[in-house]
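Visitor: Numbering (UniProt numbering), first residue to last: 1 to 590.
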């Protein structure tokens, strides 16, 4: 997903370059800050200052009106049509004055003909002429910021299509995780996943307004109401984030941490009641509260992890991505530093990444349940020596029931992952972009590597250990089929390991085999896995020509995932030789 968005931004830049026209330009643009709510006639008498930067950010400032004076020069011998793009879908009121013509745009003036996210005006410039325009911009509820651009209509529409496509794609991915979280709640009865689902819903609601998709496609009456509930929406995101964090991190066991979370909820509720009305409106206070929340949430996760809650490590990794997006969004809204106008969908991207890590958290939770089951079995074995034959028979029946339950659990988890794969495939089948389909294929293979472990455990008698030869063989065949290649696999291993370690190793093998098939042009791949006490040694090599480091993105999600699992989760090391062949040697601790 991250790689796809980078490619998308590059394409947008190239389109802008290709369609640029040096024969027409904004020759003289200036700005005037109006604090008296003047009319156009009074504004024409004022002294404007040069507009030195196309992006302006004034933060939350409802008492401010920005006026732009734009002179556009056409040196050609024909009439030219251009699009004046104001790159902020949350601008409420924009008025364009041209001679006696007055046109309006903005979030509160969207008509049925508008199909683009950003507000814009079509300008017709006569041949060999210079035309002047005045633009009035005002915001009452959201941050007053914008970028001004003059573009060809074709370039403008292509950029908007790419932006809407990216948003819809991310919504599809996040929605699949949302559905999966709901399935987990109804199946596992873990309230954390219900809270997480509500958190994702309110976050999507807030973000779809922020990036301009809701105002574009919802009725105007809905947009007007939505525009008035900025503080309640931001507050709802904070509150649901706190509720989910308290449940997932089990902060009731940490009195001081839990108490601060409760205080934050009370503070946000008071803000929703007292500072969200048009007469007493201070959204920056709620935004600052959100800033406190994101850093405290990160601190709380680290705090509980150090005190024994190992599941918190997945929360920490996922929140590490989100905290970047939230922090940049907050300082952008406060007018401190502007970067989000270049990457408005960043929070959605990081939300999808966070959801993937929480999926790994569920796999880890199954491992914890497995250990709890082992503990129960040990206690039952001790009681067998003290009880009579009837009790012994009952214990054996209970153990059998637990095994059947876990086998059914693995079977259902596998089915749930298959449902998720089906959703992703349906989405992928509707996409023509090759790069995007490749990203979906990688995502499918990663999820398959997790699903295979549950499939093997649900079919075999041993529900505690996985036969790695069977697992690696099946995984290799799936990857080979997905890339339509004929590969001779040499697999050597007699290792049997736990579900948790098998999932990690499966993800690592999936990423490295994918690289070999994509870049190395090989016909044979060797995979050797051996175990010595509590250490595993993984060797993967092929007979290909190797590849240059520049051929692959070292910061891609796949390679970052391999490094994170090897070094961060399994305390291992990795070495590679990719000059004349592709060879990886990995040592892991289990």
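Note that beta-carbon positions come from the ideal geometry of N, C-alpha and C, so glycine has one too. Predicted model only: the values in this text are computed from it and were never measured.
Any idea if residue 13 is buried or exposed, counting beta-carbon neighbours within 10 angstroms, 16 or more meaning buried?
Guide: With a pLDDT of 42 at residue 13, under the threshold of 50, the modelled position of this residue cannot be trusted, and the question is left open.
Visitor: Under the assumption that residue 514 contacts residue 488 (Cβ atoms under 8 Å), give the Cβ distance between them as a whole number of angstroms.
Guide: Their Cβ separation, rounded to whole angstroms, is 17 Å, which puts residue 514 and residue 488 out of contact at 8 Å.
Visitor: Here's the rule I'm using: 16 or more other beta-carbon atoms within 10 Å means buried, otherwise exposed. How should residue 29 be labelled?
Guide: So residue 29 ends up on the buried side.
Visitor: Since I believe residue 296 is in contact with residue 330 (beta carbons under 8 Å), could you give me their beta-carbon distance rounded to a whole number of angstroms?
Guide: With a Cβ gap of about 14 Å, residue 330 and residue 296 do not count as contacting.
Visitor: With DSSP as the reference, identify every bridge partner of residue 67, one or two as the case may be.
Guide: 32, 136, per the DSSP bridge assignment.
Visitor: Between residue 483 and the rest of its own chain, which residues show a CB-CB distance below 7 Å, the 5 nearest in sequence each way excluded?
Guide: For residue 483, where only same-chain residues beyond five positions count, the Cβ hits under 7 Å are 517.
Visitor: Are the segment 372 to 383 and the segment 352 to 360 touching, with three or more C-beta to C-beta distances below 8 Å?
Guide: Taking 8 Å as the limit for Cβ pairs, the verdict is that the segment 352 to 360 does not touch the segment 372 to 383.
Visitor: How many angstroms separate the CA atom of residue 176 from the CA atom of residue 276?
Guide: The straight-line gap from Cα to Cα measures roughly 33 Å.
Visitor: With distance defined between alpha-carbon atoms, name the residue in 541, 525, 181, 268 nearest to residue 486.
Guide: Selected option, being the one with the closest Cα: 525.
Visitor: With 16 other CB atoms within 10 Å as the buried threshold, where does residue 312 fall?
Guide: So residue 312 ends up on the buried side.
Visitor: How long is the line joining the alpha carbons of residue 434 and residue 197, rounded to whole angstroms?
Guide: Distance between the alpha carbons of residue 434 and residue 197: 31 Å.
Visitor: May I ask which residues mark the beginning and end of the beta strand (DSSP E) holding residue 527?
Guide: Taken as a continuous stretch (DSSP letters only), the beta strand (DSSP E) holding residue 527 covers 524 to 532.
Visitor: Could you give the residue range of the alpha helix (DSSP H) that holds residue 304?
Guide: Counting along the chain, the alpha helix (DSSP H) containing residue 304 begins and ends at 283 to 306.
Visitor: Buried or exposed: residue 56, going by 16 or more other Cβ atoms within 10 Å of its Cβ?
Guide: Burial call: buried.
Visitor: Apart from the five residues just before and just after residue 585, which ones in its own chain have a Cβ nearer than 6 Å to its Cβ?
Guide: Once the five neighbours on either side are set aside, the close Cβ partners of residue 585 are 539, 575.
Visitor: Give the DSSP-derived three-state secondary structure of residue 93 in the structure shown.
Guide: The answer is strand: DSSP assigns residue 93 an E or B state.
Visitor: In three-state terms, what does DSSP make of residue 474?
Guide: Looking at residue 474 - three-state DSSP - the assignment turns out to be helix.
Visitor: Starting from the C-beta of residue 317, find all residues in its chain whose C-beta is less than 6 Å away, skip the five residues before and the five after it, and write them out in chain order.
Guide: Contacts found: 357.
Visitor: Identify, in the order they occur along the chain, each residue of the same chain with its Cβ nearer than 7 Å to the Cβ of residue 314, setting aside the five sequence neighbours on each side.
Guide: Excluding sequence neighbours, residue 314 sits near 357, 358, 360, 361, 364.
Visitor: Between residue 327 and chain B, is any beta-carbon pair separated by less than 8 Å?
Guide: Here chain B cannot be found, since the structure has a single protein chain.
Visitor: DSSP three-state label for residue 18, please.
Guide: Note that residue 18 scores a pLDDT of 34, beneath 50, so its modelled location is shaky; the value from the coordinates is reported in the next line. Three-state result, residue 18: helix.
Visitor: Pick helix, strand or coil for residue 583, following the three-state DSSP scheme.
Guide: Correct three-state label for residue 583: strand.
Visitor: On the DSSP bridge list, what partners appear for residue 313?
Guide: In the DSSP output, where bridge partners are listed per residue, residue 313 has none listed.
Visitor: Assess, as a yes-or-no matter, whether the segment 177 to 185 is touched by the segment 102 to 111 under the definition of 3 or more beta carbon pairs within less than 8 Å.
Guide: These segments do not touch.
Visitor: State the start and end residues of the unbroken beta strand (DSSP E) segment that holds residue 226.
Guide: From DSSP, residue 226 is part of no beta strand (DSSP E) but of the alpha helix (DSSP H) over 220 to 228.
Visitor: Out of curiosity, what's the CA-to-CA distance linking residue 293 and residue 264?
Guide: Taking the straight line joining both Cα atoms gives about 8 Å.
Visitor: By DSSP's criteria, residue 57 is part of a beta bridge. Which residues make up the other side?
Guide: Residue 57 pairs with 145.
Visitor: At what residues does the alpha helix (DSSP H) containing residue 485 begin and finish?
Guide: Residue 485 -> no alpha helix (DSSP H), and no H or E assigned at all.
Visitor: Assign residue 283 to one of two classes, buried (16 or more other C-beta atoms within 10 Å of its C-beta) or exposed (fewer than that).
Guide: Per the 10 Å Cβ criterion, buried.
Visitor: Name the residue from 79, 50, 247 whose alpha carbon lies nearest to the alpha carbon of residue 189.
Guide: The residue with the shortest Cα to Cα distance from residue 189 is 247.
Visitor: Looking only at DSSP bridge pairs, what is residue 50 linked to?
Guide: 30.
Visitor: Can the beta-carbon of residue 243 be found less than 8 Å from the beta-carbon of residue 203?
Guide: No, they are not a contact pair.
Visitor: Excluding five sequence neighbours on each side, which residues of the same chain lie with their C-beta closer than 7 Å to the C-beta of residue 589?
Guide: Answer for residue 589: 534, 535, 570, 571, 572, listed in chain order.
Visitor: Hey, residue 74 and residue 140: beta-carbon distance below 8 Å or not?
Guide: Taking 8 Å as the Cβ cut-off, residue 74 and residue 140 do not qualify as a contacting pair.
Visitor: If you run the structure through DSSP and keep just helix, strand and coil, what is residue 565?
Guide: It is helical.
Visitor: Taking the beta strand (DSSP E) that residue 124 falls in, what are its first and last residues?
Guide: Where residue 124 is concerned, the enclosing beta strand (DSSP E) stretches over 120 to 125.
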